[in-house]
Each structure stands twice: as structure tokens, then as C-alpha cells.
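Novice: These protein sequence lines map, in sequence, to chains A and H. Quick note: the first sequence uses this note's numbering, first residue 41, plus one each step. Quick note: the second sequence uses this note's numbering, first residue 163, plus one each step.
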Amino acid sequence: MAKLTIDGKEIEVPDGTSLFDACRDARGEDLPHFCYHPDLSVAGVCRLCQVEVEGMPKLTIACNTGVRDGMVVHTRNERVTRASKQILEMHLINHPVDCPICDQAGECGLQNQYMAHGLYDTKVEKVDKVHKSKAQVIGPHVILDQERCVLCSRCVRFCAEVTGTGEMGIFNRGDRARIGTAPGVELDNDYSLNTVDICPVGALTSRDFRFQKRVWMLKAADSVCPGCATGCNVRIDHEAGRIYRLKPRYNPEVNGRWMCDKGRMTYKAVHDENRLGDPLVGGKVETWDGVAGTLAKLVGEGGFGLVVGSPYQSLEEIHLLKSLGKDAPLSGGLADSGQGTGDDLLQDADQTPNRKGLELLGVAQHDGPALADLIRNAAGSVLILGGDPAADPTVAAALTEKDSVIYVGTHGDKTAGLAKVVLPGCMWAEKAGIFVNRNGRLQEFKQAVARHGNAREDWRILSELMTVRNNPDVPGSLKGVRDELAGSVAADVDLNKLPARGFLPGGEAR
Amino acid sequence: MSFEGLPKGSGDKKRSFLESIYLWEVLRGLGVTAGHLVRNILHTDDMPTMQYPEEKRVYGGRFRGRHRLMKREDGSPKCVACQMCSTYCPADCITIVGGEHPDPKIEKYPVSFEIDLLRCVYCGLCEEACPCDAIRLDTGIYEIAADSREKFVVDKDFLLTNDTDGTF
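(1) Measure from the alpha carbon of G457 of chain A to the alpha carbon of each residue in A:M467, A:Q252, A:K519, A:A437, then state which is nearest.
(2) K270 of chain H CB to nearest chain A CB: under 8 Å?
(3) Can the beta-carbon of A296 of chain H be found closer than 8 Å to that of K240 of chain H?
(4) Taking Cβ positions only, does G261 of chain H come closer than 8 Å to chain A?
(5) Which residues in chain H have a C-beta closer than 7 Å to the C-beta of A175 of chain A? List them in chain order.
(6) Using the rule of at least 16 other Cβ atoms within 10 Å of the residue's Cβ for burial, across every protein chain shown, is H131 of chain A buried or exposed?
(7) Would you say the region 180–192 of chain A touches the region 220–236 of chain A, given that touching needs at least three Cβ pairs under 8 Å?
(8) Residues of chain H with CB under 7 Å from I141 of chain A, in chain order?
(9) Looking at I238 of chain A: is its Cβ nearer than 8 Å to the Cβ of R282 of chain A?
(10) Helix, strand or coil, according to DSSP, for P351 of chain A in the structure here?
(11) In the DSSP assignment, the alpha helix (DSSP H) including H131 of chain A goes from what residue to what residue?
(12) Using a Cβ cut-off of 8 Å, pull out every chain H residue sitting near F251 of chain A, in sequence order please.
(13) Looking only at its chain, what residues have a beta carbon closer than 6 Å to the beta carbon of Q213 of chain H, apart from the 5 residues adjacent to it on each side?
(14) How many Å lie between F275 of chain H and L287 of chain H at the Cα?
(15) Which chain H residues are close to R254 of chain A, counting only those with a beta carbon under 8 Å from its beta carbon?
(16) Whole angstroms are fine: how far does the CA of G302 of chain H sit from the CA of F314 of chain H?
(17) For H135 of chain A, which residues in the same chain have their Cβ closer than 6 Å to its Cβ, ignoring the five residues on either side in sequence?
(18) Assuming R289 of chain A contacts V274 of chain A (C-beta within less than 8 Å), just tell me the rounded distance between them.
(19) Quick check: is the beta carbon of C294 of chain H nearer than 8 Å to any beta carbon in chain A?
(20) Do H263 of chain H and L321 of chain H come within 8 Å of each other at the CB atom, strictly closer than that value?
(21) Would you identify the three-state DSSP class for Y290 of chain A, choosing helix, strand or coil?
(22) Using only CA atoms, which one of A:A368, A:G303, A:N291, A:I424 lies nearest to A540 of chain A?
(23) Count the other CB atoms, across all protein chains shown, that sit within 10 Å of the CB of F60 of chain A; report buried if there are 16 or more and exposed otherwise.
(24) Check for me: the alpha helix (DSSP H) holding Q483 of chain A runs from which residue to which?
(25) Taking only three categories from DSSP, how would you classify I238 of chain A?
(26) Curious, which full-length alpha helix (DSSP H) runs of at least 4 residues does the region 173–214 of chain H contain?
(27) First and last residue of the beta strand (DSSP E) that includes Y271 of chain H?
(28) Give a yes or no on whether the minimum CB-CB distance between N536 of chain A and chain H is below 8 Å.
(29) Give the single residue among H:A253, H:C292, H:R177 whose Cα lies nearest to the Cα of D278 of chain H.
(30) Between A:F211, A:R119, A:N234, which has its C-alpha nearest T203 of chain A's C-alpha?
(31) What is the residue span of the alpha helix (DSSP H) that Y447 of chain A lies within?
(32) Looking at the C-beta of L398 of chain A, does it have a partner C-beta in chain D at a distance below 8 Å?
(33) If you check the beta carbons only, do E474 of chain A and Q483 of chain A fall under 8 Å apart?
(34) Q387 of chain A by DSSP, collapsed to three states: which one?
(35) Could you work out which residue in A:W328, A:A145, A:N314 is closest to L244 of chain A when comparing CA atoms only?
What follows is the structure, given as C-alpha cells:
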């Protein structure tokens, strides 16, 4: 441990800590910075985090200085504030200050630093600034504005160190230095949008989000990416019932500060034109009241002959499905649904968010022919919850033979076309729930936007079906489902108050 | 509730004979009316009534009337769809959709720019917020009328040619 004094405050940090982190602990806020990023190597190029260390003749950058026992550091005295102000002014010499059309405005490092440490009058006329390339498409997801760049090299380091693809680089020297990709190279890796997140200014912006919304109008909801079994923690940025983007949410146990580009696009399915907004009976639009009679006939008399879940549903819904189908055979849906390619960074080959949840509750999955047999042998109506099992041709053939299939789905997919009754459920962003990721971590996602059309939350649909079946354990709320569920998954956690980093039954594996 | 301190009602006053027969009071009232009539006929210039719409009140140069969008030299809107005005607007009456401009120097332009004139409170905060001097309330137009609510939501083309007269 090293004991040092920062701004007159004594602090003890482990040896090897960088002075930057020690200063943050002591001050309660970051030093001004652009290039420092906790998950990347130290570059020391922005020179903004300069501090005064007693005994050293010149100011030194905190990010590239290790702590030493007995160090006396000043971060707020006049010499330091003047230095950071001047450095900031230097960064802004050639900055176009086109904040009105810049998507980063509102969450921009340059704006924040200027308001916190700058506040000087510019000495450079706009006409004298060095102009560089604007609105340059450098990849399928990213657009580059070289003028706005402050050459912090975070994107260069990200591509070199995290993805290992090395597309970005700094070319030329002096005020002609510019960030870019080498000729003929595109910024086309699966994690390219992370460079947009870490860019402290508006040099790299997302093509998908470009000009869609000003960031200060967005509201945020904590969620979990449904794109694969990794379950990256995300923040859903939405406004007026529309989702505009997904951003990674820091969770050192799961995804750190990153997420993949494919995951960021998962929100598009929520606003798909093919969404189901009303119940369908035999392909005709019905009201919820109108569909009740058909359900009573299908379910109330014969009961369920088979109940099929899917790894796309939340843990609570699978639990309800289990209690709904107590007396009927139960399947977790297609075992080979949602298979893709994974990598060793974040993406998992299993592109379903909750297959571990099915395993946790002991619901077995079946392959196509086995599920088709189950459907054919079902004595009574068949309830399918999500997952579009009819994507498998053998299952589709079996479903065609049945005329008592109830499908709770979100999109007008193949299964919806074959089912007798289709009930519109909610996408993950429209409801709350728990997904279990590939490591068995229970992670809660919260509702961000309003339900589409007349869709209802799946747990509510299932509890209504339970009422039709005269099942005595009908839950009144999602909280009720979770309380009931808690005993069967993890006795030592309240599922209504899961920690922000999720909960791993059996303790954190460290 | 206490009625103490309130003025006594007129019913308590003792009426004189002339007042109690009413006719005299009616004639006296007609006399006042006729007096005003004669005075107004003789001195029409002193009448406070304005002959609107033939005659219109002149407002100061800072009067905030209906909005207009300013143009560049080529006639396209100056607006860059930064949405400062709609952010600042206390009545939430401005709706802007931004889009990619073919000229990378302009970069962003308003695909649609709508103002709901019924919601607008004419406070002028939008023109204060605008970094490009793209919106102004200096048309001096205060006659805003239409026969349906939808027509009060005016679009970009209307606002760009909104510097003529008050007709919708």
C-alpha cells in the first residue's frame, strides 16, 4: 500500500495504482481527460490530466504516473488549473464548434471539459481553422468527422487492443494529423460501435443513430441485451415510445464497458412492421374480450395437451408456464433455435438470451422431430410461448395438423400463421423480467417503452390462461411471480431486488 | 359569515318621488346616451374604437408575430435541425425531424419543421435559442385564423414563405 496526500487529503491505495485513479478516489471526480480510458492502455497524448507533484520540477500527467509512498500531489492549485485550461484551448484551436449539428452534443467530453475547466474566449477566428474531411463513411456502422477529432487515439487503441483488428490509425503530423483508416480498409469489425462510445468528442458517430434524436431528449432504462446468451448489460435510450439506441452499461462481471454491434441493433425488432398488436383467431383480428370465449372452449374443456416454452422468454414466464402445464407435457422449444457464430470476446454462439433459465428450471428442450412428435401426440390444446418453433419444417408440419394451437408471440412469424389463436405478447423492452446468462447469472431487465398496440405482458397472458384453467395459484403481479420463483432458483436472494451486477447462484466465482 | 362592513344595499336608501316613478330617471339616462352620440358625431377623431380590420393597430418593432424560417442565399432554410428551439420551447410546439444534407458542409437540415400555432405562446425563446438565426417572430402578423385545428400546424414550406400577408 502507498500512502499519499492529494489536495491535502491523505489516501491509501494499493501499489501499482495509477495516480489518475488515486486522484479520482481522493477528489471524488475525474481529472480532466480525453485519452485516458480504464480499459485501454495509457497513451498520455491529451496532456489534460496534468497535476503537480511536489519534488518534481514540471507538471506531470497523472494517467502515466504510478503512485509512490509519501507523494504530495496538487490537482486544483492555480498552476494546474491554468495548465489544463491552456491545453484545452489548444485542443479546441482547430475544432469546428459545430455543436448544433453534432450528435455528440449533450454528452460531449469537449463541451463538458470546457464548461468545467475552460470558459475562455477563443483567440482563433473560425476562418483560420484547419479544415479536414467531414461526414466520411468509414464502415457499416460508423461515420467519421476528422475536424472534430482531438486525436486522443482511444479508437486506435480500441481496435488494436480489444478487437485486435487495427483498422484505425493517426496519419500525418502536426495540425495536419488526422484520424482515419488506411486506404482500402473499412472499420468493419463486430464491435465497431464501441469506438463511437469511447470517442470523447463527435468525431466518430453512429450511422444508425445519426440525426435521429438529440441526446438530451432521451430517457434511459436499464436492460439486458437479448441478442445472445452473454447477456450484456445495456441501457435503452428511448423517447415517446420509441427506442433510439442501446448503449453498454458497465458490468465488470459480464461485458465490462463493451457490447457488440449486432446486440445494439436488437432494438429494431421492437419497432418491426410485422409486430402483432391484436389477438388473432383463425387469422382474424379480435379483441381480448372477444378471444376469451375461444380460449375458454380450447383450454377450459380439454386442458393443455402440451406446453412449449422458448429460450427467448424471461425466467418468470418460464416458471408460470411450468405451473400452467402441471398436468401436461412440457418442452422448452427447439434445442437448436437461435444458433449463430460466437467469438472469444462477448458474442456467444447461442443467440438466445435465456437458455440457461430453461435449464435452471429443469425444462428440457427438444429437437425438431421430437417436438413434432410431442405436438402430434398432444391430447388437448397446445400452448406455445414465443420462439417461433414452426421455423423448423417438421414442427410446422405437425402444427398444421393441429387445430387447437394457442401461440403467444410478438411477430407475425410462421407459428403465428399456423396457430388457431394468436395472443400478442411483449418484446423484452416492453416488459420487465429476468434472463439467466451463459454463466448462470440472473440479470434483471426493466421496461423501457409502452406495449405495442394491444399487446399484453406475457406473464399477464399466462395468468389469465391460468384463470381459465381454474388454477388456484394465479399470481396478481410480477412481484408475486418472483416471490414464488425465488424458492426454486436461489433461496438467498430477493428476485425483486437483484443487485445491479446481477446475481450468480452459488456465489461469485472468483 | 359576517356581513359587517359591507356597503348598505340600495334598497335601504330612501327614494325621492321622482326616482320612485322611474320615468324621470329613464329620460335622464337617455340624455347621457344622446350626449355621447352627439359628441362622437362631432368629434370622430377622439373616439377610442378602432375600425378593425380596415384600420390596424401599429405595434413596435419588437412585437412578436407569427414565425418565419430564414433562408440561405439559395433559398434553402438556414435551419440545421439542431432542435435547440424545440428543446427550449416552453409550449412544446415545435417538431423537427433532421436529415442528412447532400452537401457535407451543411451536413444536417430539417426534413420537416412544424409549429403548432395553437400551442405557441409567442414568447420568442425559440429565436433566442437559435444558433443560426434561422427562426424569427418578426413578421408582425398577429391575425391567425383557420377553420380546422390541423391547419394551425404549419410546415416548413409555409414558414419559409411566411413573410407576405396574413392569409393562411
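Don't be surprised by glycine CBs; every beta carbon is placed ideally from N, CA and C.
Specialist: In short:
(1) A:A437
(2) yes
(3) yes
(4) yes
(5) P266, E269
(6) buried
(7) yes
(8) V242, C244, E269, K270
(9) no
(10) coil
(11) 118–131
(12) A243, G260, G261, E262, K270
(13) none
(14) 17 Å
(15) C244, Q245, T249
(16) 17 Å
(17) none
(18) 6 Å
(19) yes
(20) no
(21) coil
(22) A:N291
(23) buried
(24) Not the alpha helix (DSSP H): Q483 of chain A falls in the beta strand (DSSP E), residues 482–485.
(25) helix
(26) 179–182, 185–204
(27) 270–278
(28) no
(29) H:A253
(30) A:N234
(31) Run containing Y447 of chain A: none in the alpha helix (DSSP H); it sits in the beta strand (DSSP E), 445–449.
(32) Note that chain D does not occur in the displayed structure, where the protein chains are A and H.
(33) The sequence shown places Ile at residue 474 of chain A, rather than the Glu named in the question. Yes, these two residues count as a Cβ contact at 8 Å.
(34) coil
(35) A:A145
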